[in-house]
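2 protein chains.
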Amino acid sequence: MIVLKQKQINIVLVEPKGTINLGSVARLCENFGVNELRLVSPKCDPNDSEATRMAVRGQKILKQSTIYSSLLEAISDCPRVVATCGRKDHGEIPINSPKEALQWAISSKVDVPIAIIFGREDRGLTNQELLLANKVLTLQTSPSYPSLNLSHSVAIVLHELNRFNGKESKSTISSSHNPALPIQIDDFIEDAKELLLEIEFLLDHTSQARMNKLKMLLQRAEVRSEEIQLMRGVIRQARWALNKKDSTNP
Amino acid sequence: MIVLKQKQINIVLVEPKGTINLGSVARLCENFGVNELRLVSPKCDPNDSEATRMAVRGQKILKQSTIYSSLLEAISDCPRVVATCGRKDHGEIPINSPKEALQWAISSKVDVPIAIIFGREDRGLTNQELLLANKVLTLQTSPSYPSLNLSHSVAIVLHELNRFNGKESKSTISSSHNPALPIQIDDFIEDAKELLLEIEFLLDHTSQARMNKLKMLLQRAEVRSEEIQLMRGVIRQARWALNKKDSTNP
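Here is the structure:
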């Protein structure tokens, strides 16, 4: 499950200014098993109490974050570098979808360190900085207000990376339960039909169509054996209640 | 590009406590063109200055957020409801991947309001609350620290929704049928419970657990409005039959 740990993922923040953001990103690193948080000329203190509070269980990765004086230095050991861009004035720098950029980042056969760079809260990364990366990605947001908060961008990118790294959790529907046997379902339907005729909910000529509707519902639900038993219990008890009325009121 | 605007997306927060989170979620709503922010019994003030500051250009959606006293009420007009779950103790409630749940949410042919529910910062949504949704999704994170910050969960889910909304959305089970409204299902369950207590199938202390099993079955089946009506017809008729026995045997 904890797939990002297998890759050496480094999150690089360039000149982060907000302590709430910084702490939040540290928490996200822990949420997604990121190896290292790297800070390029941070404009706030990683030891600030607000950062620590926001980091929650990411405090260790926050305390161990490394500070660099230049972006180039911060990514010097990473053969695969992806930068994020929210600006529209990136000129001719090619922009990739998150899928293209992140799948490429983790597609290396050998386990190499990967860097994912996020820019300043107010103005992102410069074109010069974008050009240090192998690939640039942009997140699709509303054109009327495209600017995502820094930590939200990190959240989305790490979740995407996690997804491409191997698995999208499959539905748990019916994985651990065996659906009821066809004969069980059929017996239940017959039993229910009999009762519903008895209480005059069904008429002979419409009973088939109505019971088919019920069957379809059970089929869609992949009804389980114990659920059939539960419902047969209801029928049994309803019969008992109907008969009791008869016998106690002779 | 601004795809979410075409769908009526409502973000529902249950008992949010943190003003940073609340403001951040309002900003995200604006980032992804969400229609409405709904708050169920919020534990903090949407007009708090920190919330306003974090909302940035999402201040309008924050000010216009609607407050509800119950979750059921907050989603009463939404035929498609997805809840998020980070807990592992959700029992047998089926869990979907974000893809399965969100593609389903937006796969309706007609434009119906969609609700996406997020729980409390510290303990998420209760199982009872999860059972009000048509589908429950979980975000995959590191098993050693799975707990995402509330606004980060919202960021990831809205980005995913945006992603699926851009493409052809493959239907899961029943894109052409709208499931019953949560309130319809809830009313039916209450009605059925009453009858089952009356015929002594249920005992007071076990009724909740047994009715939950039935709810899960209906949730898995994506039960439809007309099916709920059919089953309520059964209950009505059963009551009539029970009473008839009384009155014809004085």
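Going down the list, the protein sequences come from chains A and B. Residues in the first sequence are numbered consecutively from 8, following our numbering. Residues in the second sequence are numbered consecutively from 8, following our numbering. C-beta: ideal position from N, C-alpha, C; glycine also. As the structure is a prediction and not an experimental result, all values here were calculated from the model.
Extent of the continuous alpha helix (DSSP H) run through residue i
i: E80(A); result: L78 to A81
i: T59(B); result: S56 to A62
i: A33(A); result: T26 to N38
Supposed contact pair residue j and residue i - C-beta distance, whole angstroms, cut 8 Å
i: Q305(B); j: F171(B); result: With chain B covering only 8 through 257, there is no way to say anything about residue 305(B).
i: G98(B); j: F208(A); result: No, G98(B) and F208(A) are not in contact; Cβ-Cβ is about 32 Å, not under 8 Å.
i: N185(B); j: S115(B); result: 6 Å
i: E263(A); j: T73(A); result: Coverage of chain A is limited to positions 8 through 257, which leaves residue 263(A) absent and any answer about it impossible.
i: R217(A); j: L237(B); result: 7 Å
i: R34(A); j: N156(B); result: 6 Å
i: V164(A); j: P105(A); result: 7 Å
i: V41(B); j: N103(B); result: Actually they are not in contact, since the Cβ atoms of V41(B) and N103(B) sit about 21 Å apart, beyond 8 Å.
i: E128(B); j: G25(B); result: 6 Å
i: L249(B); j: L249(A); result: 7 Å
As assigned by DSSP and simplified to three states, the class of residue i
i: T179(A); result: Reliability of the predicted coordinates at T179(A) is poor, the pLDDT of 36 falling under 50, and the value obtained from them is presented with this limitation in mind. It is coil, neither helix nor strand.
i: L20(A); result: strand
i: F195(B); result: helix
i: R94(B); result: coil
i: R231(B); result: strand
i: F208(A); result: coil
i: K174(B); result: Note that K174(B) has pLDDT 48, beneath the 50 cutoff, so the model's placement of it is unreliable and no number is given.
i: I74(B); result: strand
i: P105(B); result: helix
i: P186(B); result: strand
i: R130(A); result: coil
i: L69(A); result: helix
i: Q15(A); result: coil
i: L249(B); result: helix
Beta-carbon proximity check, residue i vs residue j, cutoff 7 Å
i: V88(B); j: N141(B); result: yes
i: G126(A); j: V21(A); result: yes
i: L138(B); j: K222(B); result: yes
i: P263(B); j: Q15(B); result: Residue coverage of chain B in this structure runs from 8 to 257, which leaves residue 263(B) outside it and unanswerable.
i: A162(B); j: H212(A); result: no
i: C85(A); j: A122(A); result: yes
i: A228(A); j: A228(B); result: yes
i: E37(B); j: I68(B); result: yes
i: L81(B); j: V19(B); result: A quick correction: the sequence has Ala, not Leu, at residue 81(B). Cβ distance < 7 Å, so A81(B) and V19(B) count as in contact.
i: L78(B); j: V47(B); result: yes
i: I206(A); j: Q244(B); result: yes
i: E234(A); j: L224(B); result: yes
i: I242(B); j: D198(B); result: yes
i: R94(B); j: G65(B); result: no
i: N169(B); j: Q147(A); result: yes
i: P53(B); j: P23(B); result: no
Range of the contiguous beta strand (DSSP E) that encloses residue i
i: R45(A); result: E43 to V47
i: R227(B); result: It is not in any beta strand (DSSP E) - R227(B) instead sits in the alpha helix (DSSP H) that spans D211 to A228.
i: L144(B); result: K142 to L144
i: R87(B); result: R87 to T91
i: I100(B); result: Unbroken run through I100(B): none, as it is neither H nor E.
i: I113(A); result: No beta strand (DSSP E) contains I113(A), which DSSP labels as neither H nor E.
Proximal residues, the segment 15 to 39 of chain B versus chain A, C-beta separation under 8 Å: I27, S31, R34, L35, E37, N38 and F39
Chain B contacts from the segment 98 to 110 of chain A (Cβ-Cβ distance under 7 Å): none
Contact residues within the segment 203 to 229 of chain A, judged by C-beta distance below 8 Å to chain B: L203, E205, I206, E207, F208, R217, K220, L221, L224, L225, R227, A228 and E229
Contact set between the segment 230 to 247 of chain B and chain A, restricted to residues whose Cβ is under 7 Å from the partner: V230, E234, L237, G240, V241, Q244 and A245
Residues of the segment 50 to 72 of chain A whose Cβ lies closer than 9 Å to any Cβ of chain B, in chain order: M61, V63, R64 and G65
Under 8 Å (Cβ pairs) to chain A, residues found in the segment 142 to 156 of chain B: T145, L146, Q147, T148, S149, P150, S151, Y152, P153, S154, L155 and N156
Positions along the segment 161 to 175 of chain A whose CB lies within less than 7 Å of some CB in chain B: A162, I163, H166, N169 and E175
Residues in the segment 115 to 145 of chain A having any Cβ partner in chain B nearer than 8 Å: none
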